[in-house]
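K.L.:
Provided herewith is a single structure, encoded as structure tokens, for subsequent inquiry.
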Amino acid sequence: MPVKSYKMGPGTLTLGEVGSLIDISCQITSATLAPDKDKEDDLNTLCGDVVPGEVTYSWALNATIVQDLTTGGINEWSLTHAGEQVPFKFVPNTALEKGYQGVLTVDPLAIGGDVKTRPTSDVEWSLVGQPAPYDPTP
0 MPVKSYKMGP GTLTLGEVGS LIDISCQITS ATLAPDKDKE DDLNTLCGDV VPGEVTYSWA
60 LNATIVQDLT TGGINEWSLT HAGEQVPFKF VPNTALEKGY QGVLTVDPLA IGGDVKTRPT
120 SDVEWSLVGQ PAPYDPTP
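Using numbering that gives the first Met the number 0, you'd call the opening residue of the sequence shown number 0 and step up by one each time.
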């Protein structure tokens, strides 16, 4: 099979419900839907059999976000919605017509950074369940 690849961006990342949706696509410098694998230890028995440990996955949306201190900006939004579970839609590249959606738990963004720089915040928003693929084209 020949190699298949894509370039990250231009894409979209939206948070919230229709009617209160916030589009933070232009604030994102990096975004990743990342799985985390947790495997229990295997259980060895006297006869030599092995009971395999259970495997579970949890997911997070990791992002580097350009801070925005304006009214209604992502920093204020993340403070206002801290701890809430909100829907998200993430499209890594709009030309591919493939996206992912789900529900994440909002954590507030850090505020500030190094002097004479444009501050960014790294965030890891945990997902409720796993992301689901969807076709973002209308």
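Backbone N, C-alpha and C define an ideal beta-carbon position, used for all residues, glycine too.
1) For residue 45, name the three-state secondary structure that DSSP assigns.
2) In the structure shown, what three-state DSSP assignment does residue 119 receive?
3) Taking only runs that begin and end inside the stretch 65-131, name each unbroken beta strand (DSSP E) of 3 or more residues, in chain order.
4) One question on the structure: do residue 126 and residue 57 come within less than 9 Å of each other, judged by their Cβ atoms?
5) Less than 7 Å between C-beta atoms, sequence neighbours within five positions excluded: which residues of the same chain meet that for residue 29?
6) When you compare each of 90, 9 and 14 to residue 77 by their alpha carbons, which one comes out closest?
7) Am I right that residue 35 and residue 52 are in contact with their C-beta atoms under 8 Å? What's the rounded C-beta distance?
8) Buried or exposed for residue 105, going by 16 or more other Cβ atoms inside 10 Å?
P.N.:
The answer reads as follows:
1) Residue 45: coil per DSSP, three-state reduction.
2) In the structure shown, residue 119 adopts extended strand secondary structure according to DSSP, grouped into three states.
3) Runs found: 84-90 and 98-104.
4) The Cβ atoms of residue 126 and residue 57 sit closer than 9 Å to each other.
5) These residues qualify, in order along the chain: 62 and 63.
6) Among 90, 9 and 14, the Cα nearest to that of residue 77 belongs to 14.
7) Residue 52 and residue 35 do not touch by the CB rule: their CB atoms are close to 16 Å apart, not below 8 Å.
8) It is buried - the Cβ of residue 105 has at least 16 other Cβ atoms within 10 Å.
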